[in-house]
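Here our numbering runs 330 ahead of the position in the sequence shown, where the first position is 1. Quick reminder that beta carbons are idealized off the backbone N, C-alpha and C, glycines included.
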Amino acid sequence: MGRSRPKAFGKTLPDYLAPGLNIVFVGLNPGRYSVEAGHYFARPQNRFWSALSASGLVTHSVSPEDDASLLKQGIGFTDLVKRPTRGIDELSRDEYKAGAETLRRKLMRFQPKVACFIGLTGYKICFNPHATIGLQTEQLGRTDLFVIPSTSPRNARYSLSDITRSLNELQKVFNKDR
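So this is what it looks like as structure tokens:
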């Protein structure tokens with residue numbers, strides 16, 4: 331008898347994209363928990379929503395259930411790799427590279443003001459191996475590229491305060507371009 335597949339097998343999170351968004355948050359790939367919940371960064375220990383709420387980029391406190399409705403505030407979501415996993419160590423370099431090409435096409439099509447990558451790992455593999463946290467020198471079309479620390483609880487190197495500070499810097503970049 332074969333192994334049973336996880337409930338998230340074959341499913342992923344939808345993209346929340348539209349032309350001219352202010353910011354598109356780019357996750358590395360969805361976790362299985364998030365796919366089952368149907369929302370980005372849904373695991374309660376993930377610090378994304380707490381940091382976003384504290385940053386001033388949104389007008390009210392937000393949670394995973396708000397991901398789709400944030401389109402009304404000019405904020406979208408997508409992933410570098412759409413395949414859900416338990417952890418990033420399950421992703422191959424080929425998946426990163428293929429995901430980067432797909433992401434480039436999406437960003438060129440929708441032209442958000444800023445694409446904010448959640449975590450350095452994927453960005454370094456796909457775009458610039460020398461990247462650091464913050465505004466990047468590269469652009470995709472007219473889209474500025476920005477990287478914040480991973481919000482995963484596995485990333486103990488950065489605190490919630492560090493992540494919130496990075497989002498505050500993102501807000502400055504966005505406000506500068508208005």
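{"query": "Of the residues Phe440, Gly404 and Arg377, the one placed nearest Thr389, counting alpha carbons only", "result": "Gly404"}
{"query": "Cα-Cα separation between Ala398 and Gly406, rounded to whole angstroms", "result": "8 angstroms"}
{"query": "Simplified DSSP state of Tyr453, which is helix, strand or coil", "result": "helix"}
{"query": "Sub-8 angstroms separation of Leu351 and Asp409 beta-carbons", "result": "no"}
{"query": "Helix, strand or coil at Arg335 according to DSSP, with G and I counted as helix", "result": "For Arg335, the predicted model reports a pLDDT of 39, less than 50, meaning its position is unreliable; a value from the coordinates is still stated below. Correct three-state label for Arg335: coil."}
{"query": "Cβ-based burial, Ala372 [other Cβ within 10 Å; buried from 16]", "result": "buried"}
{"query": "Length of the line joining the Cα atoms of Tyr490 and Ser380", "result": "For clarity, residue 490 is Leu in the given sequence; the question names Tyr instead. Near 8 angstroms, if we compare the C-alpha coordinates of Ser380 and Leu490."}
{"query": "Sufficient close CB pairs (3 or more, under 8 angstroms) joining the region 438-458 to the region 469-484", "result": "yes"}
{"query": "Opposing strand residues paired with Gln469 [DSSP bridges]", "result": "Asp474"}
{"query": "Same chain, Cβ closer than 6 angstroms to Phe447, neighbours up to 5 away in sequence not counted", "result": "Val356, Tyr453 and Val477"}
{"query": "Whole-Å CB distance - Pro394 paired with Pro360, under 8 angstroms assumed", "result": "With 8 angstroms as the limit, Pro394 and Pro360 do not qualify as a contact, their Cβ atoms being about 11 angstroms apart."}
{"query": "Reduced DSSP secondary structure (H/G/I, E/B, other) of Val365", "result": "helix"}
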